[in-house]
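Numbering (the numbering used here), first residue to last: 6 to 160. Glycine is no exception: its CB is placed at the ideal position from the N, C-alpha and C atoms. Only a predicted model underlies this, so the values are computations on that prediction, with no experimental measurement involved. Read the structure below first, then the notes.
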Amino acid sequence: MRLFLSGRYLKWFVIVELLGLMILGVTTGFLGFIAEMTLSAMLGYGLIKRSGKTLKASQQQFSQLNQLDLRAIPRHIAMVVSGFLLILPGLLTDASGVLIALIGLSASLKQRNNRRTQPNQGSAIIEGEFESSSDSEVSAELKANQLPPGSKPKH
6 MRLFLSGRYL KWFVIVELLG LMILGVTTGF LGFIAEMTLS AMLGYGLIKR
56 SGKTLKASQQ QFSQLNQLDL RAIPRHIAMV VSGFLLILPG LLTDASGVLI
106 ALIGLSASLK QRNNRRTQPN QGSAIIEGEF ESSSDSEVSA ELKANQLPPG
156 SKPKH
């Protein structure tokens, strides 16, 4: 990290970002340039706001139940960093922000999928036995219980 923040690499990063922005401006025009900057900033703001709400809900859950999901914290941090990178102008920062957001989203989907496949601790499990019968046995039994047409059931 210290190596990246040294002046030499930071200067090249800024130069590449500015060149990318100039190329974007030339190819898409002024309105395309403004649209890309606006949409990436709005997406970044939305990611930060959504992560903030989710973190707040996690904090409230912790204060009520004294349970904190430690696996969710890195995902939220990734989303906040991703949102911050999307707010910053530049194509490299946008690309890295989208990449980090996709990594956080895949982690979120994996965690959600794991919740669905693992039973809850307090859920009731109903045990029982069953027998499988073939369709011919079931249809023969139904035919035996049916009344002939025009007859009335006996009581």
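Query	Result
Could you check where the alpha helix (DSSP H) with ARG76 kicks off and where it finishes?	Segment: none, ARG76 is in no alpha helix (DSSP H) and carries neither H nor E.
DSSP three-state label for GLY102, please.	helix
Out of LEU70, ARG80, ALA40, GLU22, which one is the CA nearest neighbour of LYS115?	ARG80
With DSSP collapsed to three states, give me the class of GLU134.	coil
So, at 8 Å on beta carbons, what are the nonlocal neighbours of PHE38 in its own chain, with the 5 sequence-adjacent residues on each side left out?	LEU26, LEU29, GLY30
Return helix, strand or coil for ASN118, following the three-state DSSP convention.	helix
Taking only three categories from DSSP, how would you classify LEU44?	helix
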